[in-house]
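Working notes for the structure below.
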Amino acid sequence: MKTHKRSKIMQPFLFLVVVAVLLTAPLIGAVQAPASGSMNSEFLLKCGYIRRNIANTLFHPDFVMYLSGQEEKYTVLDERRIRNAVAIWNTFVADERETIRYQSRHFRKLAGLSGSGDDIVSRDDLVILHAWMPGIDIEVIDGKATEVIHPQEMQRLNADGDKAIHRALEIIRHDPVGKRLIAHSASHGITIGAEPLHDHKGYFEYRSNAIVIDPTVASYIFKINCLVHELVHASNPDKNNSVLEETLSEIIGMAVQDRITGVHISCSPYVVFIDRLLDPLYGEYPLINAIEKHLREAGIVINYSRATQ
Ligand SMILES: [Zn+2]
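Sequential numbering from 759 applies to the sequence shown in my numbering.
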């Protein structure tokens, strides 16, 4: 885990857009034909556990690149043009299994990304997708990394004195990012409790500041990401949620788990973002909220511009 001191931090979303514009500028124009063959964004589809198949949707990264070229040409892309682009794209695909299946619902998601409310895919919509493509770094702010967590605070966090939760927290606090999340929750009156949950693995109840997890989450190392995921939600005191918050919670939870287990099953941030966007529940949330600001207060910085693959 790298640690860098940050003296100046831009507004998170503005930063996202600036990065995306810088990023897309050289790409647009370079991708005019779907069969260019020079693009290889297969790494963006790399994923060890998410089942949704992004590759057959409008959100396939290569297809998004292609659309960016089309947007340059036509300025606005309405539904007819997108359907047409899919048809052209599919004629160039050698393997039937790799064709893109047009879905109106996905078109509306894509067209609505920038919040314009029209049924047109514009550069603003595509820029948001491009912003996720280079990946992200999650870093702990210098000075915060060495802060100690008081034993009383740890006890308050694990309000019921659950042994499995205690063990899980001890494991998570050895990870630099995990430690920041625990320290922040512990000093903000959050509690963690276990109860059998049938349909999901955990949730954060913001009315009572309580994280509730299924007992299996605390005792099975390959589910420890769920507890970290909820700790990210618990860092947001605004009592709201967003596609961005769900995406970052998931990415951070899995990254911490990967480091703990030594088994890399994390998906690319692009896949996680699209998966949340297309999710029937998460996809209904607003695209962004102030989660990045709250994570910074917890000592965690999200950096979009220079991640390694
Ligand atoms: Zn969540």
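Ideal placement from N, C-alpha and C gives every residue a C-beta, glycine not left out.
What you are looking at is a predicted structure, and each value in this text was computed from that prediction instead of being measured.
According to DSSP, residues forming a beta bridge with residue i
i             : result
valine 1059   : Glu897
leucine 835   : Val879
glutamate 963 : Ala968
threonine 949 : Ala968
Span separating the alpha-carbon of residue i from that of residue j
i              : j                  : result
leucine 871    : phenylalanine 1031 : 12 Å
arginine 881   : proline 1027       : 21 Å
valine 1001    : lysine 831         : 30 Å
glutamate 1003 : aspartate 957      : 21 Å
glutamate 953  : isoleucine 971     : 6 Å
glutamate 829  : threonine 1005     : 27 Å
alanine 813    : glutamate 905      : 43 Å
histidine 1022 : isoleucine 840     : 36 Å
arginine 809   : leucine 1036       : 12 Å
Residue from the options whose Cα sits closest to the Cα of residue i
i               : options                               : result
proline 973     : Ser966, His991, Ala922 and Val822     : Ala922
glycine 875     : Arg1054, Ile1060, Pro1044 and Ala1056 : Pro1044
glutamine 741   : Trp890, Gly893, Glu897 and Ser945     : Outside the displayed range of the chain (759 to 1067) lies residue 741, so it cannot be described from this structure.
arginine 965    : Leu1035, Asn998, Ser862 and Arg931    : Asn998
isoleucine 979  : Ala926, Lys1051 and Leu825            : Ala926
serine 1024     : Lys981, Leu1036, Phe865 and Phe962    : Lys981
isoleucine 1009 : Phe962, Lys902, Arg859 and Val1029    : Val1029
aspartate 877   : Ala968, Leu868 and Val885             : Leu868
asparagine 967  : Glu1050, Arg866, Ala941 and Asn994    : Asn994
leucine 989     : Arg839, Ala1056 and Val879            : Ala1056
alanine 1048    : Gly901, Ile940, Lys959 and Ile1060    : Ile1060
isoleucine 907  : Asp900, Asp895 and Arg931             : Arg931
histidine 991   : Val975, Gly1011 and Ser977            : Gly1011
Three-state class that DSSP yields for residue i in the structure shown
i                 : result
glycine 1011      : helix
isoleucine 808    : coil
proline 995       : coil
alanine 941       : helix
serine 862        : helix
lysine 981        : helix
phenylalanine 850 : coil
isoleucine 931    : Going by the sequence as given, residue 931 is arginine instead of isoleucine. Residue state, collapsed to three classes: coil.
histidine 888     : helix
leucine 1002      : helix
CB contact check: residue i to chain C, cutoff 8 Å
i          : result
serine 945 : Absent here is chain C; the protein component of the structure consists of one chain.
Exercise. Would you call the stretch 925 to 936 and the stretch 1016 to 1034 touching, i.e. three or more CB-CB distances under 8 Å?
Worked result: yes
For this session: Determine contact between the stretch 941 to 961 and the stretch 906 to 920, defined as no fewer than three beta-carbon pairs at a distance below 8 Å.
Result: yes
Exercise. Counting Cβ pairs, one atom from each stretch, are 3 or more of them under 8 Å apart for the stretch 818 to 826 and the stretch 882 to 892?
Worked result: yes
Exercise. Should the stretch 801 to 818 be regarded as contacting the stretch 852 to 860, the criterion being three or more beta carbon pairs within less than 8 Å?
Worked result: yes
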